[in-house]
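Here's the structure, in structure tokens; my notes come after.
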Amino acid sequence: MTSDERRTSAPEAPYEIPAHPSADDPRVVLDRELGVFEPVPPYPPRTEREAEFYTLRDGEMLLNMGPQHPSTHGVLRVVLKIRGEQVVDLDPVLGYLHRGVEKLCENADYHQTIAYLDPLEYVSSLFCEWPAVMAFEKLLDVRVPRRAEYIRVLTGELLRVASHALFMGWMALDLGGLTPILWSFIERDEIVEMLASITGQRMLFNYYRIGGVNGDLNHEFMSRLGDWMSRATAQHEANTKLLNENEIFVRRMRGLGVMDRETALRMCWTGPNLRATGVPFDLRRTHPYSVYPELEFDIPTRSEGDCLARYLIRLDEVKQSLRIIDQCLHEMPDGPIMAKLPRLLRPRPGRAFAAVEGPRGEYGIYAISDGTDQPFRLRIHDPSFIHLQSVGLLMPGNLIADTMAVMASLDPIMGGVDK
Amino acid sequence: MDHQLRERLAARLGDRLLGPVRQRHDETEIRIGPGDVPDVLRTLHDEPEFRFRILADLAGVDTGTVMQVVYHLWSDATPDWLRVIVDGLPREDPRCPSVTFLWKGAEWMEREAYDMFGIVFEGNRDLRRIYMPPDYTSFPLRKDFYLPDDAARSPAVGIRHLERTHAPQEAPGGVVRRAKVV
Chain A
60 MTSDERRTSA
70 PEAPYEIPAH
80 PSADDPRVVL
90 DRELGVFEPV
100 PPYPPRTERE
110 AEFYTLRDGE
120 MLLNMGPQHP
130 STHGVLRVVL
140 KIRGEQVVDL
150 DPVLGYLHRG
160 VEKLCENADY
170 HQTIAYLDPL
180 EYVSSLFCEW
190 PAVMAFEKLL
200 DVRVPRRAEY
210 IRVLTGELLR
220 VASHALFMGW
230 MALDLGGLTP
240 ILWSFIERDE
250 IVEMLASITG
260 QRMLFNYYRI
270 GGVNGDLNHE
280 FMSRLGDWMS
290 RATAQHEANT
300 KLLNENEIFV
310 RRMRGLGVMD
320 RETALRMCWT
330 GPNLRATGVP
340 FDLRRTHPYS
350 VYPELEFDIP
360 TRSEGDCLAR
370 YLIRLDEVKQ
380 SLRIIDQCLH
390 EMPDGPIMAK
400 LPRLLRPRPG
410 RAFAAVEGPR
420 GEYGIYAISD
430 GTDQPFRLRI
440 HDPSFIHLQS
450 VGLLMPGNLI
460 ADTMAVMASL
470 DPIMGGVDK
Chain B
150 MDHQLRERLA
160 ARLGDRLLGP
170 VRQRHDETEI
180 RIGPGDVPDV
190 LRTLHDEPEF
200 RFRILADLAG
210 VDTGTVMQVV
220 YHLWSDATPD
230 WLRVIVDGLP
240 REDPRCPSVT
250 FLWKGAEWME
260 REAYDMFGIV
270 FEGNRDLRRI
280 YMPPDYTSFP
290 LRKDFYLPDD
300 AARSPAVGIR
310 HLERTHAPQE
320 APGGVVRRAK
330 VV
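Taken in order, these protein sequences are the chains called A and B. In terms of the working numbering, the first sequence opens at residue 60 and continues consecutively. In terms of the working numbering, the second sequence opens at residue 150 and continues consecutively.
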């Protein structure tokens, strides 16, 4: 089927979409099939920026990186505009992993949405469930039992450690080091096995519930956690030494992809990436939720804003997470783990926004209820999506090989970027 | 709830607000018209009494009758989230000024709202589709875009659809799910 036929053939009967002035862009007429690997799109530019990007000056060429590039952390295509080995500009092309989760959630029960939100953030999936259950609890005016809150914080911080450990490994892998990823998978594997003993899953936990959590802590979890905690600090030190004293790694990361704090705020950055530029913005402190106000921890910041700072700040965060886990274990109260709620939830019409501090930044959920048992609208705000758009700002002037280093230092997860 | 913020907002923005300032839990909500967007958001961002420096989220909403653009802002001057709802964009031709002059990072969020709802952000210099392929012509998150097994077309619109199965072709067509709260 040629593209002309595809465009002119009428849509199937039940899917008639009303005409809309901007629905049909007359300039987008494909004269051939849209190939996945073509760097130059086969239609005239639609926006100012696209025109600027796809106009080549002398000595420039376009190069595709992805979608099947081993170090794009998922299916991401980046079109690089290069002059020699230098990147002049770049244009990330998204959508290869788009599943329409927001639409699916509009057609699911409030409980079911939690399972849909899991695979967005497949490395630290609890952080996608958390704002959702928080937003729904706000809609329903539910108070979560304290034990459930502590369990949420405990599991969340464990997963933050796992996610940062994996970040460390990936980062080194993207720069050509193989050992750290093996080491960090040891950490991560222990943590996900631990969580699997209470959630039944290793990756997509589907554990938080509206009004609490799905299962209480059990013996296997506690004994594994005790084992792990007894050597976690030492292990973390060892992992740190592996890279921090590596001359090649440090010299390559220092001064690469520098972001200043004003631009970072303008680019809507949050999380460790923002704190690496010197802004002490951490939702656990700046907009406290759950039981974080009762816990003691610091917010590490750095002022350099380069790749090395973004790497080091995550190491510091792991230490703080270990502190929080320790306090959770000491202060874990007894009591129920679920609030009493009917099985069919119909919140009163209203709107709620909730955000949590994930390992990559602010995860937010904006939910609108219209009084039925399905959310009327569920907006997912993912930090990976926000951070990825700044790669174009950080890259110009650097080498092609550094694209991956910069991208890895921002730590995007494509599941979250593409929703 | 930050009652002071409510008073400050009402005093500073005055008649540019559509309706009263609403508050619930840790959220403060204001509504403005699309024409006031650059002005109001610049005020909220720049003025020392507000200091809303962080754009926490930008979302498009289709209520079934009108389109809305919703901003969530964070400031160190208040413990609340501020929700700014740009209300009353017509569904046939939703247009809203871009806020990329304040937050460059809103560019992709606006592209996403354009891709999903067809809301045109005037002033965004890169307003193309971001998830869907470039030759795609509809807007998936609009309420008149139905999934094959969409509950909005089931006989029990929006209510306990889980207990009823239906074939899409038997479903009554063209019932747009409308929010009871707008």
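Backbone N, C-alpha and C define an ideal beta-carbon position, used for all residues, glycine too. These figures come from a predicted structure and were not determined experimentally.
Roughly how many angstroms separate the alpha carbons of residue i and residue j, rounded to a whole number?
i, j, result
"Y370(A)", "R343(A)", "20 Å"
"R161(B)", "H174(B)", "23 Å"
"H194(B)", "D242(B)", "28 Å"
"I308(B)", "M463(A)", "Here I308(B) scores only 46 on pLDDT, less than 50, and its place in the model should not be relied on; the value that follows carries that caveat. Those two C-alpha atoms are separated by around 48 Å."
"H278(A)", "P178(A)", "28 Å"
"H217(A)", "W257(B)", "According to the sequence displayed, residue 217(A) carries Leu and not His. Computed Cα separation, rounded: 31 Å."
"S222(A)", "I383(A)", "16 Å"
"S130(A)", "D233(A)", "6 Å"
"T292(A)", "L153(A)", "38 Å"
"S443(A)", "Q153(B)", "34 Å"
"M454(A)", "D148(A)", "7 Å"
"H132(A)", "L452(A)", "20 Å"
"D357(A)", "E161(A)", "35 Å"
"G364(A)", "A335(A)", "5 Å"
"R311(A)", "S362(A)", "18 Å"
"Y169(A)", "P434(A)", "6 Å"
"R136(A)", "R219(A)", "27 Å"
"I269(A)", "E196(A)", "6 Å"
"P128(A)", "I240(A)", "First, the amino acid is wrong: residue 128(A) is His here, not Pro. Distance between the alpha carbons of H128(A) and I240(A): 18 Å."
"R165(B)", "L231(B)", "16 Å"
"R402(A)", "D432(A)", "10 Å"
"K378(A)", "G159(A)", "36 Å"
"A118(B)", "V415(A)", "Only positions 150 to 331 of chain B appear in this structure, which leaves residue 118(B) out of reach."
"Q172(B)", "S247(B)", "26 Å"
"L198(A)", "P408(A)", "8 Å"
"A224(A)", "P418(A)", "11 Å"
"T192(B)", "R202(A)", "35 Å"
"V210(B)", "G184(B)", "18 Å"
"S287(B)", "L190(B)", "30 Å"
"M124(A)", "L458(A)", "13 Å"
"G254(B)", "V450(A)", "11 Å"
Please classify residue i as buried or exposed, where buried requires at least 16 neighbouring CB atoms within 10 angstroms.
i, result
"G285(A)", "exposed"
"H446(A)", "buried"
"K292(B)", "buried"
"N166(A)", "buried"
"E178(B)", "buried"
"K399(A)", "exposed"
"L404(A)", "buried"
"I472(A)", "buried"
"H389(A)", "exposed"
"V99(A)", "exposed"
"L290(B)", "buried"
"T214(B)", "exposed"
Just curious, the beta strand (DSSP E) that residue i is in, first and last residue?
i, result
"R247(A)", "From DSSP, R247(A) is part of no beta strand (DSSP E) but of the alpha helix (DSSP H) over 238 to 258."
"P239(B)", "230 to 239"
"W223(B)", "215 to 223"
"E428(A)", "Inspection of the sequence shows that residue 428(A) is occupied by Ser rather than by Glu. Note, S428(A): beta strand (DSSP E), 421 to 428."
"G209(B)", "203 to 211"
"R410(A)", "409 to 416"
"F270(B)", "269 to 271"
"E176(B)", "176 to 181"
"L437(A)", "434 to 440"
"R244(B)", "244 to 246"
"R171(B)", "171 to 173"
Tell me, to the nearest whole angstrom, how far the beta carbon of residue i is from that of residue j; I am working on the premise that it is less than 8 Å.
i, j, result
"M230(A)", "A467(A)", "5 Å"
"A262(B)", "V218(B)", "7 Å"
"I439(A)", "P204(A)", "At roughly 26 Å, the Cβ-Cβ gap does not stay under 8 Å, so I439(A) and P204(A) are not in contact."
"A191(A)", "I173(A)", "6 Å"
"L276(B)", "E259(B)", "7 Å"
"N298(A)", "W242(A)", "6 Å"
"I257(A)", "G271(A)", "Incorrect: roughly 13 Å between the Cβ atoms, too far for contact."
"A208(B)", "Y425(A)", "5 Å"
"L163(A)", "V134(A)", "Wrong, their Cβ atoms sit about 19 Å apart, outside the cutoff."
"L222(B)", "V233(B)", "7 Å"
Specify, as a first and last residue, the run of the alpha helix (DSSP H) that residue i falls within.
i, result
"H278(A)", "278 to 303"
"L469(A)", "459 to 469"
"R191(B)", "186 to 195"
"G451(A)", "450 to 453"
Q.
Ignoring anything shorter than 3 residues, give me the beta strand (DSSP E) runs that lie fully in the segment 113 to 191 of chain A, in order along the chain.
A. 119 to 124, 136 to 142, 145 to 152
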